[in-house]
Every structure is written in C-alpha cells, then in structure tokens.
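*Asks:* Can you read through this structure? Questions will come right after.
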Amino acid sequence: NYKVQMDPGARTHLAKLADGDARKCLNALEVGVLTTPTTPLGGTAASPSTSSPPSKSSPPSKQKQEAPARIPLSDGIIHFTLAVAEDSIQQKAIVYDKKGDAHYDTISAFIKSMRASDENGAIYWLAKMLHAGEDFRFIARRIVIFASEDVGLADPEALPLAIATQQAVEFVGLPEARIPLAHATAYMCRAKKSREAYEALGAATEEIESEQTSRVPERLKNKHFPVNPER
C-alpha cells in the first residue's frame, strides 16, 4: 500500500489532460506513484541520483560511497506534485484560466494576430488555447464572428468557410476538431480584410441613439399590404 498526498494542481492537471479517459489518468497516476521517492515524515522528498554509475575499476569502498542513499521510512508519504503529474503524463501545464485574464488575453492575441495576417502567431495562440483545454466551440464562434466583422465584404467566402468550420468541429469533436480550426485560422489570416459593414452598422446605431425616434418616410412605407386596414 502507498500513502499518497496529491496537490490540487496535480489532480486538476491529470483530470484535464486525461480528457475523460480513465485509463490514461490511472496510468499516469501509477507512473507518478511508482517513480516518486517517498518523503520521510518531517523531511523532504529525496531526488533520484543523477551521478553516473561507478566503473568496474572503482574500489568497492568508493562504489559504496557514491551509491545514492534512498532508504525511505516505512511510513513515508509520496508527494504527488504538479511537476510529478507533468512528468507522468508527459505534458506540461501552462498558465491559462478559462474564466480569468489568461482566457481573454489569449483569445485577444488570437484575434489580433488574424487581423494582422500573422498566420504563425494566430496558429500559436490557437494551439495554446487547445492545449489548455479551451472549449473548441468557443474558438469556432470567434472565427465566425471574425469572418464577418474583420474579413467581411473583402472575401465573401470567409463567412461560409467559418460556418462550415463550426459545423465540422461539432461533427468530429476533439482531437480532430483542431484540424478544421487551424484550416479556418490560416484562411482568415490570408484573406483580405474589410470592416465596412461592421463600421456602417456602428455608425447607424450611434445615429439612432443620438436622435429621437423618427417615422418611416412615406416613400418607404408598405403601400400594398397595410398592417392595420380600416374595417
């Protein structure tokens, strides 16, 4: 039996990267427990020795002195830290809070990179979001918005492609959903940009908010099918 103390960060990391695969999580947990030295009570965990093994020509006494001293107490505890979790599942944790500043800062960097036609940068931020477990549907929605807001009239094919991407990621799910997202991201970076429709709507909204409600001019009214015909 093992006595294991797992940090909350390690637990979260394993749960996130296992992505619902219990076997993957259990395997990583087993690897971490079996390869981590126990911590003597009141002490710190011993680190595995990195010294090279003694040569056959070394005197026996010298060999004994250079051997790593790892004799944990029988009641020692295995401290399962975030670093242990990263090593056991072979994937590093990154700073990303899906409800905090990192979430909004990263999606902002993603959008601004596409706006600047920085394909490498946009793909990098996309990869970071996916690696951190960001909802791929959220990313697809942002690409749809970008296609209409920033590409707009300059490339009429951008919006249909973005809609197709949104449908594709829903259809295939992860991990394959990453591929159409990368496809759409690269397309938006390479597309010409126009914010005419978005800016025209904004200007019209400002005008409406700054004036009193005006009636529809007579020349624009519905003359053929009155809404409230007299009886």
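Mind the numbering: the sequence shown is residues 526 to 756 in my numbering, read in order. By construction, the Cβ of each residue, glycine as well, lies at the ideal position given by its N, Cα and C atoms. Remember, predicted model here, so these are calculated numbers, not experimental data.
1) Using a Cβ-Cβ cut-off of 7 Å (strictly less than) and excluding sequence neighbours within five positions of Ala535, which residues of its own chain qualify?
2) Whose C-alpha, out of Lys541, Glu555, Leu655, is nearest the C-alpha of Ile704?
3) Measure the C-alpha to C-alpha separation of Gly601 and Thr631 and round it to an integer number of angstroms.
4) Could you check how far apart the C-beta atoms of Ala711 and Gly677 are, in whole angstroms? I think they sit under 8 Å.
5) Using 8 Å as the Cβ pair cut-off and three pairs as the minimum, do the region 683–695 and the region 657–665 touch?
6) Assign Thr575 to one of two classes, buried (16 or more other C-beta atoms within 10 Å of its C-beta) or exposed (fewer than that).
7) Rounded to the nearest angstrom, what separates Glu701 and Ile670 at their Cα positions?
8) Going by other Cβ atoms of all chains shown within 10 Å of its Cβ, with 16 needed for buried, is Ala716 buried or exposed?
9) Excluding sequence positions up to five away, which residues of its chain have a Cβ less than 8 Å from the Cβ of Val558?
10) Less than 8 Å between the beta carbons of Ala652 and Leu686, yes or no?
11) Tell me whether Val741 sits in a helix, a strand or coil according to DSSP, three-state version.
12) Just tell me which of Leu706, Thr560, Glu732, Pro681 has its CA closest to the CA of Asp612.
13) Verify whether the separation of the beta carbon atoms of Leu706 and Thr730 is less than 8 Å.
14) Pick helix, strand or coil for His604, following the three-state DSSP scheme.
15) In its own chain, which residues sit with a C-beta less than 6 Å from the C-beta of Met531, not counting the 5 before and 5 after it?
16) Just to confirm, are Met639 and Ala647 a CB contact at a threshold of 8 Å?
17) May I have the straight-line CA-CA distance separating Ser735 from Pro742, to the nearest angstrom?
18) Can you tell me whether Ala540 is buried or exposed, with buried defined as 16 or more other CB within 10 angstroms of its CB?
19) Using the Cβ count rule (16 or more neighbours within 10 Å means buried), how would you classify His538?
20) Tell me the DSSP bridge mates of Val609?
21) Is the separation between the beta-carbon of Ala718 and that of Ala679 shorter than 8 Å?
22) Hey, could you find the ends of the beta strand (DSSP E) Val697 is sitting in?
*Replies:* Reading it off the structure:
1) Within the sequence shown, the letter at position 10 stands for residue 535. For Ala535, where only same-chain residues beyond five positions count, the Cβ hits under 7 Å are Phe605, Thr606, Leu607, Val609, Ala610.
2) Residue mapping note: residue 704 aligns to position 179 of the sequence shown, counting from 1. Of Lys541, Glu555, Leu655, the smallest CA-CA separation from Ile704 is found for Leu655.
3) For the purposes of this step, residue 601 is identified with residue 76 of the sequence shown, where counting begins at 1. For the purposes of this step, residue 631 is identified with residue 106 of the sequence shown, where counting begins at 1. Going by the C-alpha atoms only, they are around 42 Å apart.
4) Here the question's residue 711 lines up with position 186 in the sequence shown. Here the question's residue 677 lines up with position 152 in the sequence shown. Contact between Ala711 and Gly677 does not hold, since their C-beta atoms are separated by about 18 Å, which reaches or exceeds 8 Å.
5) Yes, since at least three Cβ pairs between the region 683–695 and the region 657–665 fall closer than 8 Å, the two stretches touch.
6) Here the question's residue 575 lines up with position 50 in the sequence shown. Low confidence applies to Thr575: its pLDDT is 41, below 50, so where it sits in the model is not reliable, and the reading given next is rough at best. Label assigned to Thr575: exposed.
7) For the purposes of this step, residue 701 is taken as residue 176 along the sequence shown, with counting starting at 1. For the purposes of this step, residue 670 is taken as residue 145 along the sequence shown, with counting starting at 1. Distance between the alpha carbons of Glu701 and Ile670 is about 22 Å.
8) For the purposes of this step, residue 716 is taken as residue 191 along the sequence shown, with counting starting at 1. Classification for Ala716: buried.
9) Here residue 558 refers to the residue found at position 33 when the sequence shown is read from its first residue. Excluding five sequence positions before and after Val558, the CB atoms of its chain that fall closer than 8 Å to its own CB belong to Tyr527, Val529, Ile603, Phe605, given in chain order.
10) Walking along the sequence shown from the start, residue 652 turns up at place 127. Walking along the sequence shown from the start, residue 686 turns up at place 161. For Ala652 and Leu686, no; Cβs fall outside 8 Å.
11) Position 216 of the sequence shown, counted from the first residue, corresponds to residue 741. Val741 carries a coil assignment under DSSP once its states are collapsed to helix, strand and coil.
12) Here residue 612 is taken as the residue at index 87 of the sequence shown, counted from 1. The residue with the shortest Cα to Cα distance from Asp612 is Thr560.
13) As a working note, residue 706 is residue 181 in the sequence shown. As a working note, residue 730 is residue 205 in the sequence shown. Not in contact: Leu706 and Thr730 (Cβ atoms no closer than 8 Å).
14) Here residue 604 refers to the residue found at position 79 of the sequence shown. Per DSSP, reduced to three states, the secondary structure at His604 is strand.
15) Position 6 of the sequence shown, counting from 1, holds the residue named residue 531. Within the same chain, Met531 has close Cβ partners Phe605.
16) Looking up residue 639 in the sequence shown gives position 114. Looking up residue 647 in the sequence shown gives position 122. Annotated as proximal: Met639 and Ala647, with beta-carbon spacing under 8 Å.
17) For the purposes of this step, residue 735 is identified with residue 210 of the sequence shown, where counting begins at 1. For the purposes of this step, residue 742 is identified with residue 217 of the sequence shown, where counting begins at 1. Counting only the Cα atoms, Pro742 lies some 19 Å from Ser735.
18) Residue mapping note: residue 540 aligns to position 15 of the sequence shown, counting from 1. By the neighbour-count criterion, in which a residue is buried when 16 or more other Cβ atoms sit within 10 angstroms of its Cβ, Ala540 is exposed.
19) Counted from its first residue, the sequence shown places residue 538 at position 13. Only buried fits His538, as 16 or more other CB atoms lie within 10 angstroms of its CB.
20) By 1-based counting over the sequence shown, the position of residue 609 is 84. Its beta-bridge partners do not exist; DSSP assigns none.
21) Position 193 of the sequence shown holds residue 718. Position 154 of the sequence shown holds residue 679. Before going on, a small fix: residue 718 reads as Lys here, not Ala. Between Lys718 and Ala679, the CB-CB gap stays under 8 Å.
22) On the sequence shown, residue 697 is found 172 positions in, with the first residue counted as 1. Per DSSP, Val697 belongs to no beta strand (DSSP E); it is in the alpha helix (DSSP H), 683–697.
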